[in-house]
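For the sequence shown, this note's numbering assigns the number 19 to the initial residue and increments by one for each residue that follows. Virtual Cβ for every residue (Gly too), placed ideally from N, Cα, C. In this text, all values refer to a predicted model and were calculated from it rather than measured experimentally. Here's the structure, in structure tokens; my notes come after.
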Amino acid sequence: MQKIITNSEQETFDFAKNFAKSLRGGEVIGLSGDLGAGKTIFSKGIAAGLGVKDNVNSPTFVIMKKYEIKNQKSEIRNLIHIDAYRLNSAEDIRAIGADEYFEKPETITVIEWPENIKKILPKNTIYFHIKNITADKREIKRA
Numbered sequence: 019m020q021k022i023i024t025n026s027e028q029e030t031f032d033f034a035k036n037f038a039k040s041l042r043g044g045e046v047i048g049l050s051g052d053l054g055a056g057k058t059i060f061s062k063g064i065a066a067g068l069g070v071k072d073n074v075n076s077p078t079f080v081i082m083k084k085y086e087i088k089n090q091k092s093e094i095r096n097l098i099h100i101d102a103y104r105l106n107s108a109e110d111i112r113a114i115g116a117d118e119y120f121e122k123p124e125t126i127t128v129i130e131w132p133e134n135i136k137k138i139l140p141k142n143t144i145y146f147h148i149k150n151i152t153a154d155k156r157e158i159k160r161a
């Protein structure tokens, strides 16, 4: 299990941005942690690392957002950002069609609150747990 400490939102963002550069397509990434832990900042970092130009924010009310990636150096064309906080089952994720994107080679899927839909997630999902240490400091563990 990999563990790092970040001392600011910017460091959390930068860590996620650098991590995104290692992605090849088809990955599903689960981000867990308390409310305000930094899951959306981490998601924004991944988006930036993939080359998403749009403003990325939490899809809390719409549950899922799709961002187009126009990066000529990569086969990855889409970032799917899901907030599963209000989802309770595999049926909920199927109802919005999000499972259709899982493991597609041209897509990266980032899921906040993955524990709510874990049964439907691919076995090779990459999980990060983000924990508040202080107002600015975070512990990020990769499971």
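- Residue 35: member of the alpha helix (DSSP H) spanning 27-38, first to last residue.
- Within the region 72-128, the complete beta strand (DSSP E) segments at least 3 residues long are 82-86 and 96-101, listed from N- to C-terminus.
- By the Cβ test, the region 106-125 is in contact with the region 36-48, since at least three Cβ pairs between them sit closer than 8 Å.
- Per the DSSP secondary-structure output, residue 160 pairs in a beta bridge with 20 and 146.
- The shortest CA-to-CA distance from residue 131 to any of 48, 89 and 20 is the one to 48.
- For residue 89, same chain residues with a beta-carbon under 8 Å away, outside a window of 5 residues either side, are 68 and 69 in chain order.
- Per DSSP, residue 43 lies in no alpha helix (DSSP H) and is assigned neither H nor E.
- In this structure residue 129 is in contact with residue 102, their Cβ atoms being roughly 6 Å apart against a cut-off of 8 Å.
- Inclusion of residue 155 and residue 25 in the CB contact set at 8 Å is warranted, their separation being smaller than that value.
- Annotation: residue 51 is outside any alpha helix (DSSP H) and is labelled neither H nor E by DSSP.
- Around the beta-carbon of residue 80, fewer than 16 other beta-carbon atoms lie within 10 Å, marking it exposed.
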